[in-house]
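First up is the structure itself, then whatever we jot down about it.
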Amino acid sequence: MQGQDAFGFSAEDYGDEVAVLPDTWPAFQVFEAMSTQWRTGVCGATGLDYTSIRDVAGFLGFTRAQAADIFPDIRIMEAEALRVMAEQRDSK
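In this text, residue positions in the sequence shown follow the UniProt record's numbering: the first is 1, and each later residue adds one.
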(Lines of atoms letter the chains of each structure in order from A and count residues from 1; the text may use other names and numbers.)
(Lines give C-alpha, C1' and ligand atoms only; values in the text may rest on other atoms or scores of the structure.)
Protein backbone atom coordinates (compact mmCIF):
# COMPACT_ATOMS: atom_id res chain seq x y z
CA MET A 1 0.00 0.00 0.00
CA GLN A 2 3.05 2.26 -0.08
CA GLY A 3 2.56 5.24 -2.38
CA GLN A 4 -1.21 5.03 -2.12
CA ASP A 5 -3.64 7.38 -0.44
CA ALA A 6 -6.37 6.41 2.02
CA PHE A 7 -8.58 5.26 -0.84
CA GLY A 8 -5.94 3.03 -2.44
CA PHE A 9 -5.04 5.35 -5.32
CA SER A 10 -1.53 6.35 -6.33
CA ALA A 11 -0.45 9.70 -7.81
CA GLU A 12 -0.54 8.16 -11.30
CA ASP A 13 -4.25 7.37 -10.87
CA TYR A 14 -5.10 11.07 -10.66
CA GLY A 15 -3.44 12.21 -13.87
CA ASP A 16 -1.97 15.66 -14.47
CA GLU A 17 -4.98 17.75 -13.50
CA VAL A 18 -6.24 18.24 -9.99
CA ALA A 19 -9.35 20.25 -9.23
CA VAL A 20 -9.25 22.84 -6.47
CA LEU A 21 -12.50 23.09 -4.56
CA PRO A 22 -14.04 26.57 -4.43
CA ASP A 23 -13.77 26.69 -0.62
CA THR A 24 -10.01 26.17 -0.80
CA TRP A 25 -9.33 28.36 -3.84
CA PRO A 26 -8.29 31.46 -1.80
CA ALA A 27 -5.83 29.40 0.26
CA PHE A 28 -4.46 27.79 -2.90
CA GLN A 29 -3.93 31.21 -4.47
CA VAL A 30 -1.93 32.42 -1.47
CA PHE A 31 -0.01 29.14 -1.16
CA GLU A 32 0.94 29.24 -4.85
CA ALA A 33 2.01 32.88 -4.58
CA MET A 34 4.18 31.94 -1.58
CA SER A 35 6.22 29.55 -3.73
CA THR A 36 9.37 31.67 -3.30
CA GLN A 37 8.90 32.09 0.46
CA TRP A 38 10.18 28.74 1.73
CA ARG A 39 12.61 28.73 4.64
CA THR A 40 15.37 26.25 4.02
CA GLY A 41 18.01 24.49 6.05
CA VAL A 42 20.74 21.98 5.39
CA CYS A 43 18.21 19.26 4.58
CA GLY A 44 15.98 21.43 2.39
CA ALA A 45 12.73 23.25 3.04
CA THR A 46 11.63 23.55 6.66
CA GLY A 47 8.42 25.55 6.16
CA LEU A 48 6.96 28.72 4.76
CA ASP A 49 8.05 32.13 5.96
CA TYR A 50 4.91 33.04 7.88
CA THR A 51 5.98 36.68 8.18
CA SER A 52 5.21 37.20 4.48
CA ILE A 53 1.78 35.54 4.35
CA ARG A 54 -0.19 38.72 5.19
CA ASP A 55 1.73 40.76 2.62
CA VAL A 56 1.32 38.14 -0.10
CA ALA A 57 -2.38 37.74 0.72
CA GLY A 58 -2.74 41.53 0.64
CA PHE A 59 -1.08 41.74 -2.77
CA LEU A 60 -3.71 39.27 -3.97
CA GLY A 61 -6.51 41.46 -2.58
CA PHE A 62 -7.32 39.52 0.60
CA THR A 63 -8.03 41.34 3.86
CA ARG A 64 -6.19 40.49 7.09
CA ALA A 65 -9.32 38.72 8.33
CA GLN A 66 -9.50 36.63 5.16
CA ALA A 67 -5.79 35.78 5.46
CA ALA A 68 -6.38 34.65 9.05
CA ASP A 69 -9.32 32.50 7.93
CA ILE A 70 -7.34 30.69 5.21
CA PHE A 71 -4.16 30.27 7.28
CA PRO A 72 -5.15 26.77 8.55
CA ASP A 73 -5.63 25.59 4.96
CA ILE A 74 -2.23 27.00 3.99
CA ARG A 75 -0.65 25.06 6.86
CA ILE A 76 -2.24 21.83 5.60
CA MET A 77 -0.83 22.46 2.11
CA GLU A 78 2.54 23.34 3.62
CA ALA A 79 2.63 20.10 5.63
CA GLU A 80 1.80 18.02 2.57
CA ALA A 81 4.37 19.85 0.44
CA LEU A 82 7.03 19.25 3.11
CA ARG A 83 6.09 15.56 3.21
CA VAL A 84 6.40 15.25 -0.58
CA MET A 85 9.72 17.14 -0.64
CA ALA A 86 11.10 14.89 2.13
CA GLU A 87 9.92 11.81 0.27
CA GLN A 88 11.61 12.99 -2.93
CA ARG A 89 14.81 13.87 -1.05
CA ASP A 90 14.91 10.49 0.72
CA SER A 91 14.41 8.57 -2.53
CA LYS A 92 17.60 10.00 -4.06
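Beta carbons are placed, not taken as given, at the ideal position from N, Cα and C, and that holds for glycine.
*Endpoints, the beta strand (DSSP E) within which G44 is located*: 44–48
*Rounded to whole angstroms, how far is the Cβ of R39 from the Cβ of D49, which I believe are closer than 8 Å?*
5 Å
*Go through its chain and collect everything with a Cβ distance to A33's Cβ below 7 Å, but skip five positions before and after it.*
V56, L60
*asked:* I need the DSSP call for T40, collapsed to helix, strand or coil.
replied: strand
*Throw me the rounded Cβ distance for the A45 and M85 pair, which I believe falls under 8 Å.*
5 Å
*Measure the CB-CB distance between I70 and A19 and report whether it falls below 9 Å.*
no
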